[in-house]
Amino acid sequence: MNSPFFLAVADSNHALWALCFAVGAGCILTVLSRRLHLPTIVLLLLGGFALGPEGLHVFEPDALGDYLPMIVSLAVGLILFEGGLTLDLKDFTQTSTVIRRLLTVGVLITWFGCALAVYFVFDTSPSFALLMGSLVIVTGPTVIVPLLRKIRVQQKLGSILHWEGVLIDSIGVFIAILCFEWVVEGGGAVALPNFLIRVVSGAAIGVAGGYLIFWFMAKRIVPDNLLNAFALASAVLIFGATELIKPEAGLLSVTIAGLIVGIKKPRRLREIKAFKAEIVDLLIGMLFLLLVARLEFAQFRAFFEAGGGWVLLAVILLVRPLSIAASAWGTPLNLREKALLSWVAPRGVVAASMASLFALTLAGKDKPIGDPALLESFVYSVICATVLIQGLSAGFVAKLLRLQRPAPNDWIVIGAHHFGRELAKTLAIKDEQAVILLETNSRNIALAREDGLAALNRDGMEAEKLYEEEQMLFGAGHVLALTDNVELNELLMQRWAEELDNENVFGWIPRDSAANSDQLTGEAVFGDLSRPAVIGTELMQGESGFESVVWEEGMALPSGDWHPLFIRRGRLLKPVPDDAALTEMVREKDEVICLRRSEGYLLRALQTGGFLDVECDSLEALYARLAEAASGDDRKLSEEEILDSLGAQEKVFPAYLGHGIAIPHIHSDRIKSRICYAVRLAEQLDIPGQKEAVRFVFFLISPAGDSEGHLTTLAEIARVTRSDRRREQIVDARDIDAVIAAVSG
């Protein structure tokens, strides 16, 4: 370019500009890729060529001189450390047969198959061919995740491709590093001792460094606010120390260090992973612009003139199908599914960064080793072919093979408490509509998985990250925020509305809440329901249950406490804002999914308890009579324990409601359901310090741990006795039926 502007800003001697531009432009292109739901590598590849010397010449990586290999190697080391942190060996043991084979047999077929193609076409040395083949083993989650979201393949196939990409990175990296160490040592029997020394020393430093990081974190030597910086600095130190002791062994040591820390799982590991992931995103953007801008079209022309096209065809049309055929042998996968898996195998950022790093290192040796330009051209050609050709055509191929899922229709329910789990069981339809639970409480997630439900132990507030990265959520088109906290539900709705349209985001917002419906993002639903924790307690105690009715013209819900939750119309599932909205929404033949609460908490407790006529002249005498009655009903309740609990409760919070009503209440671990006695006093009981005499008593005993049901029952008593008419009916009652009639009226 002869433009004065570009000549001014593209000064090839300005190293600082090249580095700053790569960081800034790489980050901008990464953000743009996320917004467009494209693989990050696509825009970074295009940006590198367009902005580098082969394009607009805005910056020149070679301006960094000898610092470029150092920057690249350190950045790759940090990327590999983060990869080691995120690798969970448990994921490997819990994956399907196909994935395990892809990570073992498939890796070997890909490695040796690609190496053979390179060896015969380019006539390289066997060790260099193995190095080139090792670099295209990995597929990479940064490419496969947005691709899977775009093409919407069936869940089973998406899971195979996703876990292959997540787990194969570290395997491919280890093989590539070992091959690189072998090539650096010159290969052959003479190089074997030095190779073993390099590998053992790198592994030993990595293990020692990983355990030291874990020890410092486990002993709480590092303050919480410095943990992220400490982990980053430790990775840099391990890499640098290894390079000082044994050059070219730093990548191996830092990868193993990350793996050790990830396996040991120190406190706050999740926060460290999140921080490292952000750093890695920044490094990947910078790396790609620097590395791609170095590439010249002439080297790719030479690659294809030497037969590179045949190698690419072998990698795509021969090696990958052989890998899938061997991995899927004897499994239920049919021919169409194997064909799709054979076609989708895009390579990503790890392959590219490792290839450029190795090429830079080999080219900088006093005695040239192999053909660094050929290595780089091969890997980048495979990346371009698999990402651009396979990536762009994958959706068409999936549709042609009838393996594409319809538009996203799955539900995300944020809240894996008992209500959320039971609701997920009710709504899910196998192979048609999935319900995925999100929750930070690991116990609730474990219970959900025990029930066979799809569940993620993640924070629902991380909407963008979850929607972009979690393969399980690729089919999700609707979100329901179902926590006990109304304000949190509103925030969750705001976050998810940025990923999904407003009409697909819902949240439990009671009608009497302070939320302004005009300013609410998404739609408030279940307005007449109690808190989810209360509903969960009812479901656990068998006091509530789900019922489905097929709607007919002129129909009404059965009598009792029925709350419509969802209307199912074919594949459409629509939440109901509140009970009154049902008639405006429902159509004939719709399925209405309801929560049936046949009677209130207080009524059920009264039916379990009973009615007492009591004569007493003091509070102590009243409590003694209550304890005697409750312990004498064959419920294994101890009279002494009841009196002690009543005395303790009285000291904490007096049991006087006002208007002549008292509500002594306790918990007991000897019962499994709530009991409430309606107690009519023969004479009014004057209590010192109280303005009004007590005329009637509700004595409530709840199971230990049933705080939600206990408080809700007390709230019902307060609500019922607030009415003068109903309160007088209760005071005048002579049996339990009369009390129940007054409460129900």
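Numbering-wise (the numbering used here), the sequence shown opens with residue -17 and increments by one.
Every residue gets a Cβ at the ideal spot worked out from N, C-alpha and C, and that includes glycine.
Where does residue i sit, in a helix, a strand or coil, going by DSSP?
i: Ser576; result: In the sequence as presented, Ser is not what sits at residue 576; that position holds Cys. Strand at Cys576.
i: Gln415; result: strand
i: Glu665; result: strand
i: Leu315; result: coil
i: Val507; result: strand
i: Val568; result: coil
i: His692; result: helix
Below 8 angstroms between beta carbons: does that hold for residue i and residue j?
i: Ser684; j: Arg716; result: no
i: Leu577; j: Leu547; result: yes
i: Ile61; j: Ser335; result: yes
i: Ala333; j: Val103; result: no
i: Met268; j: Ala563; result: no
i: Leu608; j: Val661; result: yes
i: Arg477; j: Met443; result: yes
i: Ser109; j: Trp164; result: yes
i: Ser530; j: Val574; result: yes
i: Ala463; j: Asn471; result: yes
i: Leu26; j: Phe282; result: no
i: Phe681; j: Leu663; result: no
i: Trp533; j: Arg569; result: yes
i: Leu628; j: Ile648; result: yes
i: Glu674; j: Arg553; result: no
i: Leu409; j: Leu539; result: no
Would you kindly work out how many angstroms separate the C-alpha atoms of residue i and residue j, rounded to a whole number?
i: Ala185; j: Ala308; result: 32 angstroms
i: Thr465; j: Gly397; result: 5 angstroms
i: Gly290; j: Ile150; result: 25 angstroms
i: Val713; j: Arg513; result: 31 angstroms
i: Gly421; j: Glu446; result: Correcting the residue type first, residue 421 is Glu in the shown sequence and not Gly. When rounded, the distance between both Cα atoms is 16 angstroms.
i: Ile195; j: Ile245; result: 12 angstroms
i: Leu241; j: Leu14; result: 31 angstroms
i: Thr22; j: Ile266; result: 9 angstroms
i: Ser55; j: Arg276; result: 16 angstroms
i: Asn(-16); j: Leu38; result: Bear in mind that the predicted position of Asn(-16) carries a pLDDT of just 48, short of 50, making it unreliable; the figure below should be weighed with that in mind. Roughly 10 angstroms separates the two Cα atoms.
i: Ala611; j: Arg579; result: 29 angstroms
i: Phe(-12); j: Glu36; result: In this predicted model, Phe(-12) has a pLDDT of only 47, less than 50, meaning its place in the structure is not dependable; the value taken from the coordinates is given anyway. When rounded, the distance between both Cα atoms is 13 angstroms.
i: Val40; j: Ala7; result: 11 angstroms
i: Ala310; j: Met522; result: 43 angstroms
i: Gly434; j: Ala428; result: 10 angstroms
i: Ser359; j: Ala231; result: 24 angstroms
i: Leu323; j: His19; result: 21 angstroms
i: Gly402; j: Ile394; result: 10 angstroms
i: Lys407; j: His144; result: 25 angstroms
i: Cys366; j: Glu319; result: 24 angstroms
i: Lys258; j: Ala4; result: 19 angstroms
i: Leu1; j: Ala217; result: 21 angstroms
i: Ile261; j: His(-4); result: 25 angstroms
i: Ser495; j: Glu505; result: 14 angstroms
i: Leu219; j: Gly191; result: 9 angstroms
i: Val702; j: Glu481; result: 44 angstroms
Return yes when at least one heavy atom of the ligand COA lies under 7 angstroms from the C-beta of residue i, else no.
i: Asp719; result: Looking at this structure, you won't find the ligand COA or any other ligand, since it has none at all.
If residue i and residue j are in contact, beta carbons under 8 angstroms, what's the gap, nearest whole angstrom?
i: Arg302; j: Lys228; result: Not confirmed; about 36 angstroms, so no contact.
i: Asp510; j: Asp561; result: 5 angstroms
i: Leu448; j: Pro51; result: That belief does not hold up - the Cβ atoms of Leu448 and Pro51 are roughly 37 angstroms apart, past 8 angstroms.
i: Ile142; j: Ile81; result: 6 angstroms
i: Phe221; j: Gly29; result: Wrong, their Cβ atoms sit about 27 angstroms apart, outside the cutoff.
i: Ser183; j: Gly66; result: Actually they are not in contact, since the Cβ atoms of Ser183 and Gly66 sit about 18 angstroms apart, beyond 8 angstroms.
i: Pro328; j: Thr68; result: With a Cβ gap of about 19 angstroms, Pro328 and Thr68 do not count as contacting.
i: Ile418; j: Leu438; result: 7 angstroms
i: Trp93; j: Ile157; result: 6 angstroms
i: Leu625; j: Tyr605; result: 6 angstroms
Based on DSSP bridge pairs, tell me the residues matched to residue i.
i: Ile549; result: Lys556, Val574
i: Cys762; result: Because the chain is modelled from -17 through 727, residue 762 falls outside the range shown and cannot be assessed.
i: Leu438; result: Leu420
i: Ile394; result: Ile418, Val461
i: Ile643; result: Gly640, Phe678
i: Phe593; result: Ala660
i: Glu529; result: Cys576
i: Gly489; result: Ala463, Ala506
i: His649; result: Ser684
i: Gln386; result: Val135
For chain B, is any of its Cβ atoms less than 8 angstroms away from the one on residue i?
i: Val24; result: Looking at the structure shown, chain B is missing, and only one protein chain is on hand.
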